[in-house]
Amino acid sequence: ILFVTILVNLPTKDKDLIPKVSHEEDIQFQIHTNREDLTRLINQYLDKEGLTGSIHYEVYLTDEVELYGTMPFFNREVEMKLTFEPIAQKNGDLILKQKSIAVGKMNLPVSYVMSLINERYNMPDWVSISPNDESIYVSLQDMELKSDIRVKANEFDLKNDDISFLLTIPSSLQ
């Protein structure tokens with residue numbers, strides 16, 4: 001018993017029993033999701049943040065990004081649908097390139113409809129609409145999340161339901 005007590009109380013020569021963990025580097029997580037779950041998350045975010053405002057709109061992810069909403073036209077609400085092709089950028093942001101548009105039974109120029117959306121719809125600050133380019137820029141890096149977490153799109157292939165993001169948590173939170 002005395003021998004065991006001495007062994008247990010002896011200082012260890014190997015102080016590397018506890019693994020070293022870097023507290024200086026940011027922590028990164030790969031997040032993989034699917035169209036259905038991301039659609040739910042996007043629309044929940046829009047509702048929670050009050051971004052749909054007085055003009056309600058929703059986003060659906062199918063083989064492309066679909067924006068459904070209404071648009072005031074001569075004291076009437078006209079239903080509209082816009083479709084976009086998402087393109088992940090090297091910096092982790094997304095460009096939504098406009099593919100098709102339907103506003104009731106009217107044939108309106110895309111730039112006109114996108115200008116109206118830009119003026120009337122309450123979009124997040126990190127989303128910018130370029131009517132002349134017929135595109136929407138989604139600056140995921142500028143999206144404000146709790147604890148300064150940053151998001152980057154790695155893969156955004158809706159046709160193959162291959163969607164992944166990189167979440168970066170600042171080292172200051174460790």
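The sequence shown lines up with residues 1 to 174 when you count with full-length UniProt numbering.
Glycine included, C-beta positions come from ideal geometry on N, C-alpha and C.
Treat the numbers as computed from the prediction; the structure is a model and nothing was measured.
In the three-state DSSP reduction, I117 falls in the helix class (H, G or I). E85 and Y137 have their alpha carbons spaced roughly 12 Å apart. The closest CA to that of Q98, considering only L61, L82, G104, is found on L82. Under the DSSP assignment, E144 falls outside any beta strand (DSSP E); it carries neither an H nor an E label. When DSSP states are grouped into helix, strand and coil, N43 belongs to the helix group. Cβ neighbours of I169 within its own chain (closer than 6 Å, five residues either side excluded): I27, I149. Fewer than three beta-carbon pairs drawn from the region 97-117 and the region 150-170 are found closer than 8 Å, and the two stretches are therefore not classed as touching. Taking the C-beta atoms as reference points, N43 is found nearer than 8 Å to E58.
Relative to Q141, the option among D133, S147, V151, E134 whose CA is nearest is V151.
Residues of the same chain with a CB within less than 7 Å of the CB of D63, apart from the 5 flanking positions on each side, are L158, K159 in chain order.
Spanning the alpha carbons of V127 and D133 requires a straight line of approximately 14 Å.
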